[in-house]
Each structure stands twice: as structure tokens, then as C-alpha cells.
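To start, the structure itself, in C-alpha cells.
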Amino acid sequence: MEVSKLPISATQRGKLISAGYTSLSSICSASSSDISRGTQTAWDMLQEEQESLARITTSCADLDNILGGGIGCREVTEIGGVPGIGKTQLGIQLAVNVQIPVEFGGLGGKAIYIDTEGSFMVERALQIAEACVEDMLEYNRFLRNDCQVKTQPKDILENIFYFRICSYTEQSAVINYLDKFVSEHKDVKVVIIDSIAFHFRHGFVDLALRTRVLSGIALKLMNLAKKFSLAVVLLNQVTTKYTEGSFQLCLALAMNVMHTLTSHLIFDQHQLHIQLLAEGSGIPHQEVKGSK
Amino acid sequence: MANKLISEMRLPKSIANIFAARNITTAKDALSLTELELMKLLDVELSEVRSALALMSEIVCPPYQTALLLMEQRAATEHLGGHLPTRLKGLDAALCGGVPFGVVTELVGPPGTGKTQFCLKLSLLAALPAHYGGLDGGVIYIDVESTFSSRRMIEMGASSFPEIFHSKGMAQEMAGRILVLQPTSLSEFTESLEKIKVSLLQNQVKLLVIDSMEALVPGGHEQRAPGQHPLSWHISLITSLAEFSRIPIVVTNQVRPQSHDESCLYPFQVQKMDRILKDRTRYYSHIVAVLGFHWAHAVTIRLVLEAKSGQRFMNVEKSPTSPPLAFSFTINPSGISLLTDDGTEMVVPETCNLSSR
Chain V
5 MEVSKLPISA TQRGKLISAG YTSLSSICSA SSSDISRGTQ TAWDMLQEEQ
55 ESLARITTSC ADLDNILGGG IGCREVTEIG GVPGIGKTQL GIQLAVNVQI
105 PVEFGGLGGK AIYIDTEGSF MVERALQIAE ACVEDMLEYN RFLRNDCQVK
155 TQPKDILENI FYFRICSYTE QSAVINYLDK FVSEHKDVKV VIIDSIAFHF
205 RHGFVDLALR TRVLSGIALK LMNLAKKFSL AVVLLNQVTT KYTEGSFQLC
255 LALAMNVMHT LTSHLIFDQH QLHIQLLAEG SGIPHQEVKG SK
Chain G
58 MANKLISEMR LPKSIANIFA ARNITTAKDA LSLTELELMK LLDVELSEVR
108 SALALMSEIV CPPYQTALLL MEQRAATEHL GGHLPTRLKG LDAALCGGVP
158 FGVVTELVGP PGTGKTQFCL KLSLLAALPA HYGGLDGGVI YIDVESTFSS
208 RRMIEMGASS FPEIFHSKGM AQEMAGRILV LQPTSLSEFT ESLEKIKVSL
258 LQNQVKLLVI DSMEALVPGG HEQRAPGQHP LSWHISLITS LAEFSRIPIV
308 VTNQVRPQSH DESCLYPFQV QKMDRILKDR TRYYSHIVAV LGFHWAHAVT
358 IRLVLEAKSG QRFMNVEKSP TSPPLAFSFT INPSGISLLT DDGTEMVVPE
408 TCNLSSR
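Here you go:
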């Protein structure tokens, strides 16, 4: 009997056919683990979760504490806030901190920085890189370690791959291309997108299509994070929304409704609000008084 | 890049023909649809769609550069690694050399605080020859409120650089490099921007000044329903002009006093609104920049000018390379000068709160 005539839903039929099962007999002879290729046992997932204990420090102790050590690998984190609050700063800091060698407690990885607004300032990256090298030297002196600090600020800058994106087409293209790029540069451990909403806010006439394209992007990023065990950080702008009788601030394009984010941080002038959207973390909001 | 034709991309013939048959001719058309939609539209397998998209994305994606390469390129080709020195030592130190190329720097302040003076000085500095620290190029000054004073500018020049300005013909040449446009309406401004695009491509203009931006907004300060801001196209154009021609763009903006019911809060703050409003009267100063969040995000550096109890202050409010710093300054014949080169660091409560309109 043909799979196309089976009384099951169209999506499932489509999936079976695209996986190559065109007749009933082929399904019967396959074992359940063959057909459910792409799913995992709970044990495998636990192993993976333990691997993903790798976290990238944000260089702010309070923030790291709330995040459980830093920005996590295999996760997509969205960071939003009003202009000037320090989102790009944090992005650049993460691009430098991911490179901290393993001997110093870091990941020793490289960074991809996707800039949609032109806000990446090379001078600032150099300042942060120099401070990072100084910190490492200080750490060495403090612990009288034998490990040499071989990294120079210039080396740190060399390991930041910078893409400048000027339209939503290029943004979709670079996200599609990341799969190939990261396969060729396996030591990339963080992808920072600054900012995710920018090109999609103006110029998209069909808003429903925009939502679908953004969902596609969010899903691809999630898959990228899981496949290569890297951290994806989305920086986002704020806008206002009319709810409950007044204008309130909210993050642009509501990426959190895409259901693929793991955590969602909102920077405010006095406080840092974190909404953990991951399954299992029960706390809806945590407030941290951090200094900039 | 986005408008690259699919026919020129050397995809496998079969899939290229299918794209053409369904009238998807540019990369933009293809990448604006989700994978499932393409699959349905083209009637091909998901794997084929994915491999075609992967090939297309690789072609459309701009090439990457390492941050190191970026820095070295700029250091090699641009004046002072991409900065226009303002000759105010403390400010230049905070901004890593001066007003940066490629981004928008905003000057905000109530009327009479010195924004136009600063713009005039910067225009002069950009026109100066390279060995005097200038950019040796043309300046386009868009003067919306007719506050440009060429006499004042020449006075500044003669006072700061007497050796240039007293030599024959130099004053005329310097002033001749500054083109002043005075648009009287938003549509005239739009036309001017289009023309500016062309002269920027010809590489002769080294600085663009817009004084002031918010005077261009039709309807003035009335409460506007949120939706497409009338200047959003212009904002996007200005930021892309800055970036692609690698010039500094300086824009001035006015402020108005903030009233409490217009302040914007996040949803989780609304419950604590009373406490916050009380705090706000204590903490936040009552000046607010207009033009909303889109503009606020587009600006890279914000300098706020204010006059408090007889003294003038220039605050570096938003900057990627500097913490919030306040410099006190005076206005004198040669333009602006700082009273001291060490800015005082501002505590967070003193920084301005931006609210959207």
C-alpha cells in the first residue's frame, strides 16, 4: 500500500515520503529507531547537557551569577534594551571572552560578529582585547602559574570574523551560510547578531511573511547552536507597544514568541531583568542590580 | 548584493530553470520566502531547496573580514584611523581620536547651548588642509533653521588659525569648501539627500552636518500616533551614507521637557510604577531627545549640551568607547574650548532618559 494513501495527517505523510518510505512494507520492516532518526533518548540528552556546561563569561560577576556562569553554549540568548545601554558592548565583550584560553577557564574559541547596524567599533574591540590580555597576565601573576600568556590583543582581533549585513536578504543569506562557514571553522564558539531586528523593521510590506521568515531564522539559529555546540547571542532593539491602556516598552519583533529562545535578558538603566524561557526553569523574572 | 540575479549564480540548470519559471529572479525574492513555501511553490524536494538556498546564500553573503584586518585597513587609509579631531583634548581622548567616520554623531541640547557653534567649528576643521589636522575636503552643511553664520565661522577660523586665514585667498578657499543648503520643507530635504548621495560617491565631501534634524519633522511637537515615522527613510539613508562613504555625519537635535505620563516603562515595571515615578523625579533629568527609538538606535555617539547654573556642559552620553563623561566648556572667539581636559564621570542617575514619541 502506498504511503500517500495512508489515513494519516499530511505533514506526517510528507515527512515519511521525504525520508524515503514510500510503501507500507518499507515502514513495517524498519525499526522504530530508524524511523525516528533525528530524535534522541533522554540519556543522550543528559550527556549533551552536561557537555554544554561550557559558558562564556560576560566579565560582570553579577550577570554571570544569574546566568549560571555566563552565556551558555547550545543556547540562543536574546539581549535587549534601550539605545545606549550597552548591548553592543556586551556583544564585543563576549566576542573577546570566548577566546580566553582553556587554561584560564575559557573556551579558547573564535567568534562570528554579524553587524546589521554598523555599530561595531574596532577601537573599542581593541580596548577590550587589551584589557583581557592584562587580566590574564594579572591572573598568572596572582596564581604564579607557569602557563604563558601567549595571546596578544591583535591575535584576539584576528579571531573575530566580522560580517557587515546591509539588508534582510543578506541577513537571511548569512544565516544560511553559517552552517557551511562553521563547518570549515570548527573553533567558532559564539555567533553574535547585532541586531536581529534592524532590517526587518522597515521595508517588509507583508507582515505575516516577516513573521514566518523570522521564525525560520530563529529555528536555524537554534539548530546551529545545537549542532556545533556554540552560543548564539541576539541583540535586539526596543520599541513601544500599546497594551493595557498605555505605551509600554517591548523588544522589537517579539523574538521570544518564536519559542526557540533559551533566555531573554532586558537591560534597563537600574536593573537587569532576565526572563528564563527554558523548560524547567521556573523563575519568571529575576532582577539584578548591575553596574554598567 | 540582494538584487543579484539567480540566472547569474551558476546554480544547477534544472533548479535555475524552475526558479525562473516561477518568476523568482533575484536572490531577494528567493530569500524572502521560507523553505517550506519555496518547496510548495517550486514543487521540488526540501533537500533540493536547501542545497539551492545554501549555494545562493554563499554567493549573496558579503565576505567576512577579521576585526584585525578592519583595524589595519582603517589605520592605513584613513585620517587618524578614521576620526576627525575636534581639537578639544578631553573630548578627543574620550572618543579615541575625534568624531568617528562612518557613523552618526548627535548633538542634543536646548536652544542656545552651543550646538551650532560646535557644528561651525567642525565644518571648519574638516575643510582645513591635512597638515593642519583637517580632512582637506568639502563639507555639506544642511541648515534647516537658518542659523548658519559665515561671519562667525570666519571669525573662528581667523582666531584659531591666524596663519592660514590671514594669508591671501585662504579664507575664501576654506569657506568655499563648505556648501550650505537651506531646505524649507521635508521634500526639499529629501531631494537634497539624493543629490548628496551622488557627490559622496564622487568622494569630494568629507563631512555632512545637519542642523537640526527635528525641525524637519512636519507637525512639530504634537503627539504622533506610533507607526511609520516620517523620517525613517531618511534615517536609514543617512546611516548608510555615513557608512559607505566613510565620512562623519553630525546631526543636531532639540530637546523638550519631559512630562511624567509620557515616560515609557517595560511591562514588568508597570506594577511598580508609583515607586519608579517618585524615583524618576529624583534621578532623571528632565530633558528628552525627540525623534524616537529608531533614531536613537541609529546614532552611535550622543553628546548632550546643557547649561546649568551659568555653566555649560558637554556630556558624552552615548559612546562605545567612553563611559558617561561631562566636560565643562565655554564659547569664545575661536569656537568652543574645554575648561578642563579631564571630564568628570557622570553617575548613572544623571544620564538622560530617552522616551519615544
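First to last, the sequence lines map onto chains V and G. Counted the way the numbering used here counts, the first sequence spans residues 5 to 296. Counted the way the numbering used here counts, the second sequence spans residues 58 to 414. From the three backbone atoms N, C-alpha and C, an ideal C-beta is built for every residue, glycine too.
Whose C-alpha, out of V:G113, V:T173, V:Y117, V:L94, is nearest the C-alpha of S114 (chain G)? Translated into positions along the second sequence, residue 114 (chain G) becomes position 57. Check the Cα spacing between S114 (chain G) and each of V:G113, V:T173, V:Y117, V:L94: the tightest is with V:T173.
The alpha helix (DSSP H) spanning R234 (chain G) covers which residue range? By 1-based counting over the second sequence, the position of residue 234 (chain G) is 177. Looking at the DSSP string, R234 (chain G) is not in any alpha helix (DSSP H), and its letter there is neither H nor E.
Relative to the C-alpha of T401 (chain G), which residue among G:N74, G:S108, G:F386 is closest? One-based indexing of the second sequence puts residue 401 (chain G) at position 344. Of the candidates G:N74, G:S108, G:F386, the one whose C-alpha sits nearest the C-alpha of T401 (chain G) is G:F386.
For a contact defined as C-beta to C-beta under 8 Å, what are the partners of K375 (chain G) on chain V? Along the second sequence, read from residue 1 onward, the residue named residue 375 (chain G) stands at position 318. P87, G88, listed in chain order.
For chain G, is any of its Cβ atoms less than 9 Å away from the one on D48 (chain V)? Mapped onto the first sequence, residue 48 (chain V) falls at position 44. Closer than 9 Å: no.
Of all the alpha helix (DSSP H) runs that stay within the bounds of the stretch 158-232 of chain G, which reach a length of 4 or more residues? Counting only runs of 4 or more, we get 172-184, 207-217, 219-222.
Name the residues in the stretch 118-136 of chain G whose C-beta lies less than 7 Å from a C-beta of chain V; which are they? Listed by position along the chain: C118, P119, Y121, Q122, T123, A124, L125, L127, M128, R131.
Where in the stretch 70-115 of chain V do unbroken runs of the alpha helix (DSSP H), each at least 4 residues long, occur, reported from the N-terminal end onward? DSSP runs (the alpha helix (DSSP H)) wholly in the stretch 70-115 of chain V: 91-101.
Where the beta strand (DSSP E) containing N240 (chain V) begins and where it ends: For this step, residue 240 (chain V) is matched to residue 236 along the first sequence. 235-240 is the span of the beta strand (DSSP E), which, as asked, contains N240 (chain V).
Test: A177 (chain V) CB closer than 9 Å to a CB of chain G: Counting from one through the first sequence, the residue named residue 177 (chain V) turns up at place 173. Yes, contact with chain G.
Given P219 (chain G) as reference, the closest of G:L185, G:G194, G:V106 once Cα atoms are compared: Here residue 219 (chain G) corresponds to residue number 162 of the second sequence, with the count starting at 1. Out of G:L185, G:G194, G:V106, G:L185 has the C-alpha closest to the C-alpha of P219 (chain G).
Answer yes or no: do I197 (chain G) and L164 (chain G) have a C-beta to C-beta separation smaller than 9 Å? On the second sequence, position 140 is the one that residue 197 (chain G) refers to. On the second sequence, position 107 is the one that residue 164 (chain G) refers to. Contact check for I197 (chain G) against L164 (chain G) fails: the beta carbons are separated by 9 Å or more.
Please report how far the alpha carbon of L264 (chain G) lies from the alpha carbon of T173 (chain G), in whole angstroms. Counted from its first residue, the second sequence places residue 264 (chain G) at position 207. Counted from its first residue, the second sequence places residue 173 (chain G) at position 116. Rounded to whole angstroms, L264 (chain G) to T173 (chain G) spans 15 Å at the Cα level.
If you follow the alpha helix (DSSP H) that V106 (chain G) is part of, which residue opens it and which one closes it? Here residue 106 (chain G) is taken as the residue at index 49 of the second sequence, counted from 1. Judged by DSSP secondary structure, V106 (chain G) falls within the alpha helix (DSSP H) whose first and last residues are 103-117.
Integer-rounded CB distance, given that L125 (chain G) should sit under 8 Å from E127 (chain V): The residue given as residue 127 (chain V) occupies position 123 in the first sequence. The residue given as residue 125 (chain G) occupies position 68 in the second sequence. About 13 Å separates the Cβ atoms of E127 (chain V) and L125 (chain G), ruling out a contact at the 8 Å cut-off.
Give a yes or no on whether the minimum CB-CB distance between E92 (chain G) and chain V is below 9 Å. Locating residue 92 (chain G) in the second sequence gives position 35, where the first residue counts as 1. Closer than 9 Å: yes.
I'd like the span of the alpha helix (DSSP H) that includes K146 (chain G), first residue to last. The residue you call residue 146 (chain G) lines up with position 89 of the second sequence. Note, K146 (chain G): alpha helix (DSSP H), 146-151.
If you compare alpha carbons, which of V:A129, V:L67, V:T62 is closest to E111 (chain V)? Counted from its first residue, the first sequence places residue 111 (chain V) at position 107. Sequence check: residue 111 (chain V) is Leu here, not Glu. Considering only alpha carbons, the answer is V:T62.
Does the stretch 175-188 of chain V come close enough to the stretch 127-136 of chain G to have 3 or more Cβ pairs within less than 8 Å? Verdict: no, contact absent.
According to DSSP, is N74 (chain G) part of a helix, a strand, or is it coil? Taking the second sequence and counting its residues from 1, the one referred to as residue 74 (chain G) is at position 17. Residue state, collapsed to three classes: helix.
From V:S171, V:D210, V:Q103, V:L218, pick the residue whose C-alpha is nearest to that of A129 (chain V); which is it? For this step, residue 129 (chain V) is matched to residue 125 along the first sequence. Selected option, being the one with the closest Cα: V:Q103.
Hey, would you say Q156 (chain V) sits closer than 9 Å to I132 (chain V), going by beta carbons? Against the first sequence, residue 156 (chain V) aligns to sequence position 152. Against the first sequence, residue 132 (chain V) aligns to sequence position 128. With respect to I132 (chain V), Q156 (chain V) sits apart: the two C-beta atoms are not nearer than 9 Å.
Distance cutoff 9 Å, beta carbons only. Does E300 (chain G) sit that close to anything in chain V? Counting from 1 along the second sequence, the entry for residue 300 (chain G) is found at position 243. Chain V, which has a Cβ nearer than 9 Å to the Cβ of E300 (chain G), makes this yes.
Where does T387 (chain G) fall in DSSP's three states? Looking up residue 387 (chain G) in the second sequence gives position 330. Correct three-state label for T387 (chain G): strand.
Check the Cβ-Cβ distances between G191 (chain G) and every residue of chain V, and say whether any is below 9 Å. Taking the first residue of the second sequence as position 1, residue 191 (chain G) is located at position 134. The beta carbon of G191 (chain G) sits no closer than 9 Å to any beta carbon of chain V.
Quick one: which unbroken alpha helix (DSSP H) runs of 4-plus residues sit fully inside the stretch 145-212 of chain V? Chain order, please. Counting only runs of 4 or more, we get 157-162, 172-188, 202-205.
Could you check whether the Cβ of E94 (chain G) sits closer than 8 Å to any heavy atom belonging to the ligand HEM? The ligand HEM is absent from the structure shown, which contains no ligands of any kind.
DSSP three-state call for T215 (chain V): helix, strand or coil? Taking the first sequence and counting its residues from 1, the one referred to as residue 215 (chain V) is at position 211. Note: T215 (chain V) maps to helix in three-state DSSP.
For A299 (chain G), tell me which candidate among G:V156, G:G214, G:V373 has the shortest Cα-Cα distance. Sequence index remark: in the second sequence, residue 299 (chain G) carries index 242 (1-based). Taking only the C-alpha atoms, the option nearest A299 (chain G) is G:V156.
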